[in-house]
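These notes concern the structure reproduced below.
Number of protein chains: 4
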Amino acid sequence: MAETRAPDSTRRSERSRRAIYDAALALVGEAGYGRTTIEGIAARAGVGKQTIYRWWPSKAEVLLEAFLARGEQAAEAVSDPALPDTGDLAADLKQVLRLTVDELTDPGFEAPYRALAAEGVINPELGARFVSRLLEPSLQLYVDRLRAAQEAGQVAAGVDARVAVELFVGPLTHRWLLRTLPLSHAYADSLVEYALRGIAPR
Amino acid sequence: MAETRAPDSTRRSERSRRAIYDAALALVGEAGYGRTTIEGIAARAGVGKQTIYRWWPSKAEVLLEAFLARGEQAAEAVSDPALPDTGDLAADLKQVLRLTVDELTDPGFEAPYRALAAEGVINPELGARFVSRLLEPSLQLYVDRLRAAQEAGQVAAGVDARVAVELFVGPLTHRWLLRTLPLSHAYADSLVEYALRGIAPR
Amino acid sequence: MAETRAPDSTRRSERSRRAIYDAALALVGEAGYGRTTIEGIAARAGVGKQTIYRWWPSKAEVLLEAFLARGEQAAEAVSDPALPDTGDLAADLKQVLRLTVDELTDPGFEAPYRALAAEGVINPELGARFVSRLLEPSLQLYVDRLRAAQEAGQVAAGVDARVAVELFVGPLTHRWLLRTLPLSHAYADSLVEYALRGIAPR
Amino acid sequence: MAETRAPDSTRRSERSRRAIYDAALALVGEAGYGRTTIEGIAARAGVGKQTIYRWWPSKAEVLLEAFLARGEQAAEAVSDPALPDTGDLAADLKQVLRLTVDELTDPGFEAPYRALAAEGVINPELGARFVSRLLEPSLQLYVDRLRAAQEAGQVAAGVDARVAVELFVGPLTHRWLLRTLPLSHAYADSLVEYALRGIAPR
DNA sequence: TCATAAGCGAGACGGTACGTCCCGTCTTTAT
DNA sequence: ATAAAGACGGGACGTACCGTCTCGCTTATGA
Numbered sequence: 001m002a003e004t005r006a007p008d009s010t011r012r013s014e015r016s017r018r019a020i021y022d023a024a025l026a027l028v029g030e031a032g033y034g035r036t037t038i039e040g041i042a043a044r045a046g047v048g049k050q051t052i053y054r055w056w057p058s059k060a061e062v063l064l065e066a067f068l069a070r071g072e073q074a075a076e077a078v079s080d081p082a083l084p085d086t087g088d089l090a091a092d093l094k095q096v097l098r099l100t101v102d103e104l105t106d107p108g109f110e111a112p113y114r115a116l117a118a119e120g121v122i123n124p125e126l127g128a129r130f131v132s133r134l135l136e137p138s139l140q141l142y143v144d145r146l147r148a149a150q151e152a153g154q155v156a157a158g159v160d161a162r163v164a165v166e167l168f169v170g171p172l173t174h175r176w177l178l179r180t181l182p183l184s185h186a187y188a189d190s191l192v193e194y195a196l197r198g199i200a201p202r
Numbered sequence: 203m204a205e206t207r208a209p210d211s212t213r214r215s216e217r218s219r220r221a222i223y224d225a226a227l228a229l230v231g232e233a234g235y236g237r238t239t240i241e242g243i244a245a246r247a248g249v250g251k252q253t254i255y256r257w258w259p260s261k262a263e264v265l266l267e268a269f270l271a272r273g274e275q276a277a278e279a280v281s282d283p284a285l286p287d288t289g290d291l292a293a294d295l296k297q298v299l300r301l302t303v304d305e306l307t308d309p310g311f312e313a314p315y316r317a318l319a320a321e322g323v324i325n326p327e328l329g330a331r332f333v334s335r336l337l338e339p340s341l342q343l344y345v346d347r348l349r350a351a352q353e354a355g356q357v358a359a360g361v362d363a364r365v366a367v368e369l370f371v372g373p374l375t376h377r378w379l380l381r382t383l384p385l386s387h388a389y390a391d392s393l394v395e396y397a398l399r400g401i402a403p404r
Numbered sequence: 405m406a407e408t409r410a411p412d413s414t415r416r417s418e419r420s421r422r423a424i425y426d427a428a429l430a431l432v433g434e435a436g437y438g439r440t441t442i443e444g445i446a447a448r449a450g451v452g453k454q455t456i457y458r459w460w461p462s463k464a465e466v467l468l469e470a471f472l473a474r475g476e477q478a479a480e481a482v483s484d485p486a487l488p489d490t491g492d493l494a495a496d497l498k499q500v501l502r503l504t505v506d507e508l509t510d511p512g513f514e515a516p517y518r519a520l521a522a523e524g525v526i527n528p529e530l531g532a533r534f535v536s537r538l539l540e541p542s543l544q545l546y547v548d549r550l551r552a553a554q555e556a557g558q559v560a561a562g563v564d565a566r567v568a569v570e571l572f573v574g575p576l577t578h579r580w581l582l583r584t585l586p587l588s589h590a591y592a593d594s595l596v597e598y599a600l601r602g603i604a605p606r
Numbered sequence: 607m608a609e610t611r612a613p614d615s616t617r618r619s620e621r622s623r624r625a626i627y628d629a630a631l632a633l634v635g636e637a638g639y640g641r642t643t644i645e646g647i648a649a650r651a652g653v654g655k656q657t658i659y660r661w662w663p664s665k666a667e668v669l670l671e672a673f674l675a676r677g678e679q680a681a682e683a684v685s686d687p688a689l690p691d692t693g694d695l696a697a698d699l700k701q702v703l704r705l706t707v708d709e710l711t712d713p714g715f716e717a718p719y720r721a722l723a724a725e726g727v728i729n730p731e732l733g734a735r736f737v738s739r740l741l742e743p744s745l746q747l748y749v750d751r752l753r754a755a756q757e758a759g760q761v762a763a764g765v766d767a768r769v770a771v772e773l774f775v776g777p778l779t780h781r782w783l784l785r786t787l788p789l790s791h792a793y794a795d796s797l798v799e800y801a802l803r804g805i806a807p808r
């Protein structure tokens, strides 16, 4: 059991960590995931390769953490991450799905997010981390909003909120990942209408 | 205009083509997409590397054609590719979605299909071919079945069948690709129930 | 016994081989053996690293062959490699040892020759090749000349010519390798005088 | 003039110094000079790398000092380092050369000595130190003995003792360094006989 | 007596080179 | 002309060390 000596994380260089995140996100955005290399990230970050290999097991993990770090920065700016609750469930969901459409179409966001999703499709370990650290937290917001609506009698009592969430998010993600048909606000609205009828109280 | 002369496909070796397909599918299944190499495919197929480069532009294309070729073999065995139409729309969809769940879980099928999907997520050209050659044809079967139901008054008249299809297929694919939660027949059934209510006539 | 597939030497690129020799000798001369790298040789020769690793096991072997190749070129220009035999043994040996001093002092020759000798001191395999391919052939010329002198009665009959050779060459090499004291024609002459008396007939 | 402040040698750890010497000699003996690294020496000595870099400029210097330190230990055991002078010059020289042969063949001695010699062949600075600290002192003992013999009329008056020494030591070193032919007591004896005749009085 | 500054073990850091794998191209020989 | 074979120039991999640096921790004075 030749455990390869774990590095001492208290002595880690925060400066290098940030430079690596920036370089990784920039390169994936510019050249694509396949043409982004560890050597390239190291060179752009002004960092030795070993500093990357010391702290991350793979290119995909670097990108995942870089993405998470960016997300946390963005999250600090927002006080309440919860979905809006104006009482009008349909309007609230449409608003959020429209925002999601915008985000998925944002050039700076799309490339690394696609790269991570694709890597997670093939690599179960990374996929699990991708889901638990990035995807599930935002799905949970939907779950919370749907439960609130359920208590307000706007959603049928027997509906499993976790499954219901996928009625909204699943088709959107499907279109985005596989590029079957273009994403649009109109499509988001249609989804909300169909899916909401599907889980409405009798 | 020194156009790199296109090879004469009439003299192409059918033997090599098949060996390449077999090797490609086997290697992706055994080692994963990332660890499958053109050299590896060539060696395993007992073929020169150039024979691959002559006929395919990339590893992904080899795999896509290999997958299609296998699909066509399977298709020859089936006379009518259409979805069942017993008149009971819910039952028909449940049956098909359950079969889809089984297929997505089949070990021999899953690895290359995931590999292609993931590559398509990142590579738009391949993604487009993946969708048009593999995905859309089967989605079209759903569209046809839903249109028939619509004419039979089992689906609301205003519903866009192409969008409706995604209410069934989108969540299922989402779970499979991202492995958020396990696929099961019960989940397939739930999807059919929720989604069908969403597009039911008033 | 996983024999690492030997390359097909009939398809070897003569062009690359020569470029590698030139680059290796130039770099050792310019930067010294320690600062000469395989990557540097490959880059300077305009060659892939693998082309070096395919044909040579180490930097030292590249240099040895480069040196031998240069020697062979030089040898082609000379019809008879034998030592001069004017009948005057002392004069002949002085002439040859003086030439050797000049050669060992020649800037273009010294650096690679030192590098090879030093590597051979540490690495017995390379040392053996260095000796058998470079050193012994020239020592043999001395042996031949001494045997001729022996037959002419200028050297004592009982003397082992191979040992006698080292009386001339050993001290010279010792000074050169270890730089104890400067090499000079005068030193060469002294050596010949002392050593020749040592092996003279009674 | 930001001279990098010289370390305070009064506070130097004798314990570490010795551990470094031991580790260096052991590693060179076990793995060879090329595979001995500063990191390896530090790890084996249980010492920080900086402790080596603080006190020595290079791997070769560490080894040279380690070798010298061992030599001094050995020298303390001997009262008089001078060569024997029994009056029989040939016998005295044969005895010393035979001892030298034995030493050069001693496994614990050979590896580091070869490593230093080889490094000195390539690196003139180290070579100079190698010669002045290790080689010349012992050559001087020969010079002294030969001068004594000269005064006793056993060596021709005109002979330069420093040059004469090399007639004995040069061929021996040549054989040892380059491994042209095996070292043996018989070879040592032959050398003494030939060389002594070369410098004998008329 | 006790701060304070040196040497020290430890090891992270920016780098360079290693030797290997594979890329996509090209050339040779055989069918 | 296609095919098997594989050498080639090239680029990235992940590893090993380089020499520098920064961290706490002894340890040994000198204020």
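Chains as they are written, first to last, in my numbering: chain A, 1 to 202; chain B, 203 to 404; chain C, 405 to 606; chain D, 607 to 808.
Backbone N, C-alpha and C define an ideal beta-carbon position, used for all residues, glycine too.
Computed from a predicted structure; not experimentally measured.
With a threshold of 8 Å between beta carbons, is Tyr194 (chain A) in contact with chain B?
Taking the first residue of the first sequence as 1, we reach residue 194 (chain A) at position 194. So, interface residue.
Would you say Arg720 (chain D) faces chain C, with C-beta separation under 8 Å as the test?
Working through the fourth sequence from its first residue, we reach residue 720 (chain D) at position 114. Yes, Arg720 (chain D) lies at the interface with chain C (some Cβ there is under 8 Å from its Cβ).
When you compare the CB of Ile647 (chain D) with every CB in chain C, is at least one pair closer than 8 Å?
Position 41 of the fourth sequence, counted from the first residue, corresponds to residue 647 (chain D). Not closer than 8 Å to any Cβ of chain C, the Cβ of Ile647 (chain D) fails to qualify, so no.
According to a CB-to-CB cut-off of less than 8 Å, which residues of the segment 755-789 of chain D neighbour chain C?
Val765, Asp766, Arg768, Val769, Ala770, Glu772, Leu773, Val775, Gly776, Pro777, Leu778, Thr779, His780, Arg781, Leu783, Leu784, Arg785, Thr786 and Leu787
Check each candidate in D:Arg751, D:Leu789, D:Gly640 and D:Leu752 and name the one with the smallest Cα separation from Glu709 (chain D).
For the purposes of this step, residue 709 (chain D) is taken as residue 103 along the fourth sequence, with counting starting at 1. Minimum Cα distance to Glu709 (chain D) is reached at D:Leu789.
Please determine, among D:Ile728, D:Pro777 and D:Leu783, the residue with the shortest C-alpha to C-alpha distance to Tyr793 (chain D).
Locating residue 793 (chain D) in the fourth sequence gives position 187, counting from the first residue. The option with the nearest alpha carbon to Tyr793 (chain D) is D:Pro777.
I'd like to know whether the C-beta atoms of Leu600 (chain C) and Leu493 (chain C) end up nearer to each other than 8 Å.
Your numbering for residue 600 (chain C) matches position 196 in the third sequence. Your numbering for residue 493 (chain C) matches position 89 in the third sequence. Yes, these two residues count as a Cβ contact at 8 Å.
Can you tell me whether DSSP reads Gln756 (chain D) as helix, strand or coil?
In the fourth sequence, residue 756 (chain D) corresponds to position 150, counting from 1. Helix, per DSSP.
Would you mind sorting Val230 (chain B) into buried or exposed? The rule is 16 or more other CB atoms within 10 Å of its CB.
The sequence position of residue 230 (chain B) within the second sequence is 28, counting from 1. Buried, because 16 or more other Cβ atoms sit within 10 Å of the Cβ of Val230 (chain B).
Would you tell me roughly how many angstroms separate the C-alpha atoms of Ser138 (chain A) and Lys665 (chain D), rounded to the nearest one?
Locating residue 138 (chain A) in the first sequence gives position 138, counting from the first residue. Locating residue 665 (chain D) in the fourth sequence gives position 59, counting from the first residue. Each residue's Cα considered, the two are about 57 Å apart.
Quick check: the Cα distance between Leu773 (chain D) and Ser417 (chain C), rounded to an integer number of angstroms?
Residue mapping note: residue 773 (chain D) aligns to position 167 of the fourth sequence, counting from 1. Residue mapping note: residue 417 (chain C) aligns to position 13 of the third sequence, counting from 1. Each residue's Cα considered, the two are about 47 Å apart.
Once you ignore the five residues that flank Leu126 (chain A) on each side, which residues in its own chain have a CB closer than 6 Å to its CB?
As a first step, residue 126 (chain A) must be located in the first sequence, where it is residue number 126. So the list reads Ala60, Glu119 and Gly120, once near-sequence residues are dropped.
Buried or exposed (CB count within 10 angstroms, at least 16 for buried), Pro718 (chain D)
Residue 718 (chain D) sits at position 112 when you count from the first residue of the fourth sequence. By the neighbour-count rule (16 or more Cβ atoms within 10 Å), Pro718 (chain D) is buried.
Could you give the DSSP three-state label for Asp282 (chain B): helix, strand or coil?
For the purposes of this step, residue 282 (chain B) is identified with residue 80 of the second sequence, where counting begins at 1. The answer is coil: DSSP assigns Asp282 (chain B) none of H, G, I, E or B.
Using only CA atoms, which one of D:Val775, D:His791 and D:Leu787 lies nearest to Leu582 (chain C)?
Position 178 of the third sequence, counting from 1, holds the residue named residue 582 (chain C). Closest by alpha carbon: D:Val775.
Alpha carbon to alpha carbon, what distance is there between Val303 (chain B) and Asp391 (chain B)?
Along the second sequence, read from residue 1 onward, the residue named residue 391 (chain B) stands at position 189. Along the second sequence, read from residue 1 onward, the residue named residue 303 (chain B) stands at position 101. Looking at the two C-alpha atoms, the distance is approximately 11 Å.
Of the listed residues D:Gly693, D:Ser615 and D:Phe673, nearest to Arg753 (chain D) (C-alpha basis)
Numbered from 1 along the fourth sequence, position 147 holds the residue referred to as residue 753 (chain D). When each option's Cα is compared against that of Arg753 (chain D), the closest is D:Gly693.
Using a Cβ cut-off of 8 Å, pull out every chain D residue sitting near Pro528 (chain C), in sequence order please.
For the purposes of this step, residue 528 (chain C) is identified with residue 124 of the third sequence, where counting begins at 1. Here the neighbours are Arg785.
Compute the Euclidean distance between the alpha carbons of Trp55 (chain A) and Ser132 (chain A), then round it to the nearest angstrom.
Position 55 of the first sequence, counted from the start, is the residue given in the question as residue 55 (chain A). Position 132 of the first sequence, counted from the start, is the residue given in the question as residue 132 (chain A). So the two alpha carbons sit approximately 20 Å from each other.
Report back the beta-carbon spacing between Tyr748 (chain D) and Ile603 (chain C) to the nearest angstrom; my notes put them in contact at under 8 Å.
On the fourth sequence, position 142 is the one that residue 748 (chain D) refers to. On the third sequence, position 199 is the one that residue 603 (chain C) refers to. Not quite, the Cβ-Cβ distance comes to about 21 Å (not below 8 Å), so this is no contact.
Quick one: which chain D residues come within Cβ less than 7 Å of Gly433 (chain C)?
Here residue 433 (chain C) is taken as the residue at index 29 of the third sequence, counted from 1. Correct list: empty, because the minimum Cβ distance to chain D is about 13 Å.
With a CB to CB cut of under 6 Å and the five nearest residues on each side skipped, what residues in its chain are close to Pro283 (chain B)?
Along the second sequence, read from residue 1 onward, the residue named residue 283 (chain B) stands at position 81. So the list is empty, once near-sequence residues are dropped.
Quick one: which unbroken alpha helix (DSSP H) runs of 4-plus residues sit fully inside the segment 32-65 of chain A? Chain order, please.
38-45 and 49-55
Give the DSSP-derived three-state secondary structure of Ile626 (chain D) in the structure shown.
For the purposes of this step, residue 626 (chain D) is taken as residue 20 along the fourth sequence, with counting starting at 1. Ile626 (chain D) falls in the helix class under three-state DSSP.
Ala625 (chain D) and Gly652 (chain D): beta carbons closer than 8 Å?
In the fourth sequence, residue 625 (chain D) corresponds to position 19, counting from 1. In the fourth sequence, residue 652 (chain D) corresponds to position 46, counting from 1. Cβ atoms of Ala625 (chain D) and Gly652 (chain D): closer than 8 Å.
May I ask which residues mark the beginning and end of the alpha helix (DSSP H) holding Thr779 (chain D)?
As a first step, residue 779 (chain D) is located in the fourth sequence; it is residue number 173 there, counting from the start. Here the alpha helix (DSSP H) through Thr779 (chain D) covers Ala767 to Leu784.
Does Arg549 (chain C) pass the burial test, meaning 16 or more other C-beta atoms within 10 Å, or should it be called exposed?
What you label residue 549 (chain C) is simply residue 145 of the third sequence in a count that begins at 1. Buried, by the Cβ-count rule.
So what does DSSP say about Pro605 (chain C), is it helix, strand or coil?
Sequence index remark: in the third sequence, residue 605 (chain C) carries index 201 (1-based). DSSP places Pro605 (chain C) in coil when its eight states are reduced to three.
Residues within the segment 614-643 of chain D neighbouring chain C, beta-carbon criterion of under 8 Å:
Gly638, Tyr639 and Gly640
Less than 8 Å between CB atoms is the rule here; does Leu337 (chain B) satisfy it with respect to chain A?
Residue numbering aside, residue 337 (chain B) sits at position 135 when the second sequence is read from its first letter. Answer yes: the Cβ-Cβ gap between Leu337 (chain B) and chain A drops below 8 Å somewhere.
Terminal residues of the continuous alpha helix (DSSP H) containing Arg518 (chain C)?
Position 114 of the third sequence holds residue 518 (chain C). Where Arg518 (chain C) is concerned, the enclosing alpha helix (DSSP H) stretches over Pro511 to Ile526.
What is the C-beta distance between Ala446 (chain C) and Ile456 (chain C), in whole angstroms, given that I count them as a contact (C-beta under 8 Å)?
The sequence position of residue 446 (chain C) within the third sequence is 42, counting from 1. The sequence position of residue 456 (chain C) within the third sequence is 52, counting from 1. That belief holds up - the Cβ atoms of Ala446 (chain C) and Ile456 (chain C) are roughly 6 Å apart, short of 8 Å.
Contact set for Arg419 (chain C): own chain, Cβ-Cβ below 7 Å, skip 5 residues either direction
In the third sequence, counting from the first residue as 1, residue 419 (chain C) sits at position 15. Answer for Arg419 (chain C): no residue qualifies.
For Gly329 (chain B), would you say it is in contact with chain A, using Cβ-to-Cβ distances shorter than 8 Å as the test?
Sequence index remark: in the second sequence, residue 329 (chain B) carries index 127 (1-based). Cβ-Cβ to chain A under 8 Å: yes for Gly329 (chain B).
For the putative contact between Leu242 (chain A) and Ala26 (chain A), defined by C-beta atoms under 8 Å, what is the C-beta separation to the nearest angstrom?
Because chain A here runs from 1 to 202, residue 242 (chain A) falls outside it and cannot be looked at.
Close Cβ partners of Ala561 (chain C) (< 8 Å) along its chain, the five nearest in sequence each way excluded:
In the third sequence, the residue the question calls residue 561 (chain C) occupies position 157. Correct list, in chain order: Gln554 and Pro605.
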